[in-house]
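In the working numbering, the protein residues as written are 3 to 286. Backbone N, C-alpha and C define an ideal beta-carbon position, used for all residues, glycine too.
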């Protein structure tokens, strides 16, 4: 997987709808969502050494911890402990994906380290075992092992690849000047959740989507505290977007467009925020 002297792109994602289905006994929630990988990315460089230590150096416009709390370090330690690796590791992370934005940047970084070390040390870890390791690091991490577009169910461990190509579309990401704690967002969902959601409607997508089927249960929660998301939605809808939503538990809003010019017109209306026009990624 790693190329160019072990320099790896670690891609973000958006959620095309997200339903909270039930509160589980372990205090997690069961979900149903479709995740789409996008070409906004962090850059990670991995170099093995003989020190026996794992170090990380983080740079870039987005600030994250330089230490053991970084998911890259946790992922590397998980591989080292499970596969008795006696080398050391220097990780360099250039961080572009906003934190607390619902774009899965930290989860993507963790999966990138797992897959990168599998390659560097020729560990031949099976895809299923990579998923199992990824799930130990976080509920969104397994998705990024294969990326592309997938249905994610359960707590994130049940993944189904979709034969769907959205790469002709453009996605405008709008990141407001606040971040959302996932734990805070989930705290609003208690035991009185509706369980009549029809997941089967989403299992047979092939060449097109019915965008009207999608909604993100977090959006009503977020907009009551952060009314900016309502204004962002209005502007995106006024610019001929096919679909507008919050990604994950927020705070990023995004609009899907048929062509670049429409996405760019919306960008011009929203450029006071941090905005990116990105493309969906399709994996084989």
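For residue 232, the enclosing alpha helix (DSSP H) starts and ends at 230-240.
Within its own chain, the residues whose Cβ lies closer than 6 Å to the Cβ of residue 242, once the five positions on either side in sequence are excluded, are 264, listed in chain order. Just measuring C-alpha positions, the residue of 262, 274, 16 sitting nearest residue 103 is 16.
Note on residue 285: under 16 other CB atoms within 10 angstroms of its CB, so exposed under the neighbour-count rule. Boundaries for residue 155: no alpha helix (DSSP H) harbours it, while the beta strand (DSSP E) harbouring it runs 151-156, taken from the DSSP string. A distance below 6 Å between beta-carbons, with the five flanking residues on each side excluded, links residue 94 to the following residues of its chain, in chain order: 47, 59. Here residue 272 carries a helix assignment [DSSP, helix/strand/coil]. With a cut-off of 8 Å on Cβ pairs, the segment 126-144 is not in contact with the segment 218-233, counting fewer than three such pairs.
Residue environment analysis places residue 13 among the buried positions, since at least 16 neighbouring C-beta atoms fall within 10 angstroms of its C-beta.
Among the bridge pairs identified by DSSP, residue 13 is matched with 43.
Given a length threshold of 3 residues, each whole run of the beta strand (DSSP E) inside the segment 55-138 is given here in chain order: 56-61, 90-96.
The straight-line gap separating the alpha-carbon atoms of residue 53 and residue 79 is approximately 14 Å.
Collapsing the DSSP output to three states places residue 167 in coil.
A distance below 8 Å separates the beta carbons of residue 64 and residue 99. A straight-line Cα-Cα distance of about 33 Å links residue 181 and residue 83.
For residue 157, the closest of 169, 137, 151, 164 by C-alpha to C-alpha distance is 137. Put simply, the backbone Cα of residue 269 is about 34 Å away from that of residue 31. Under the three-pair Cβ rule at 8 Å, the segment 151-171 counts as touching the segment 26-46.
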